[in-house]
Amino acid sequence: MKDKRVLYVSSEVIPYLPETEISSMSFEAPRMINNNGGQIRIFMPRYGNINERRHQLHEVIRLSGMNLVINDLDMPLIIKVASIPKERIQVYFIDNEDYFKRKATYADEEGNFYKDNDERAIFFAKGVIETVKKLNWAPDIIHVHGWLASFLPLYLRNYYGNEPLFENSKIVTSVYNQSFDGTLAKNTIDKVRFDAIDDEAITELEEPNYVNLMKIAVKNSDAVIIGSEEIPKELEDFINTLDKPVLKYHNMENFSQAYLDFYSSKVLK
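The UniProt record's numbering numbers the first residue of the sequence shown as 1 and each following residue consecutively.
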């Protein structure tokens with residue numbers, strides 16, 4: 001993986017959010033690539049419960065200031081950056097006052113799922129892609145973690161399909177057992193249709209639950225990694241029907257060599 005560029009796009013990363021399978025792997029995998037001579041970029045949302053002062057986030061003016069159109073509304077994109085202590089790793093944060101100021105990640109204090117989580121996910125996907133374009137940084141691999149990042153493969157393949165910066169990028173999606181109950185907003189599919197994405201690419205969004213979001217993500221990926229010991233049976237069966245490389249689950253203690261081999265021999269072959 002020496003000098004290979006790997007873009008990590010995750011809904012959660014430690015130390016900025018509590019430790020979960022997703023937040024831990026979204027830190028350990030980039031660190032492993034870094035230690036093996038690769039180049040990395042990490043992107044995550046700037047949720048309002050991330051302490052900006054403690055983690056020393058600061059806005060990157062040259063990358064901020066663009067408006068992204070979400071369901072016919074102009075939403076300003078703010079980019080912040082921080083360095084993970086004791087590591088040579090920078091994390092880029094996608095921010096917007098309307099979507100990410102509230103003091104929680106996906107649900108309010110009563111546990112009610114935010115009604116605009118679909119728009120937040122679309123904004124996050126577009127924000128990452130537009131920022132990487134501004135950085136003019138062409139990744140060899142784009143590795144996606146978590147359902148809030150799950151629209152990125154769809155948008156990269158269907159909305160930004162002619163973008164030369166990504167023409168050789170391979171997309172890997174990790175599938176975890178970290179899901180949500182119920183569905184996103186019932187009109188999620190209409191918000192994606194607004195971006196002129198073909199209906200046949202988004203039929204699963206008729207019912208935008210966790211399993212269907214991940215189906216769309218893996219459909220638009222080049223390879224899949226099983227990130228949890230168990231994942232929903234429906235998702236497991238769906239992945240087994242695909243003619244794509246799949247890496248079975250490896251725990252945090254022994255994932256490094258398996259990921260390196262998978263990246264180099266299956267994804268970049």
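Just so it is clear, CB atoms sit at the ideal spot from N, CA and C, and this is done for glycine as well.
{"Query": "Close beta carbons around L17, own chain, < 6 Å, minus the five adjacent residues each side", "Result": "S23"}
{"Query": "Start-to-end residues for the beta strand (DSSP E) that takes in N67", "Result": "N67 to I70"}
{"Query": "Contacting residues, own chain, Cβ-Cβ under 6 Å from A138 (five flanking each side not counted)", "Result": "L165"}
{"Query": "CA-to-CA distance, K170 to S150, given in whole angstroms", "Result": "15 Å"}
{"Query": "Rounded separation between N158 and E59 - CA only", "Result": "30 Å"}
{"Query": "Exposure of S83, with buried meaning 16 or more beta-carbon neighbours within 10 Å", "Result": "exposed"}
{"Query": "Terminal residues of the beta strand (DSSP E) in which H250 lies", "Result": "From DSSP, H250 is part of no beta strand (DSSP E); its letter is neither H nor E."}
{"Query": "Cβ-Cβ distance between Y47 and S26 below 8 Å", "Result": "no"}
{"Query": "Residue environment, F194, which counts as buried when at least 16 other CB atoms sit within 10 Å", "Result": "exposed"}
{"Query": "Per DSSP, cross-strand counterpart(s) of A58", "Result": "A small fix is needed here, since residue 58 is His in this sequence, not Ala. DSSP lists V81 as partners of H58."}
{"Query": "Pair within 8 Å by beta-carbon distance, F124 and F180", "Result": "no"}
{"Query": "Segment limits, beta strand (DSSP E) that includes V172", "Result": "K170 to V175"}
{"Query": "Buried/exposed call for S265, threshold 16 Cβ in 10 Å", "Result": "exposed"}
{"Query": "Same chain, Cβ closer than 8 Å to V91, neighbours up to 5 away in sequence not counted", "Result": "V13, Y16, I42, F43, M44, V81, A82, S83 and I84"}
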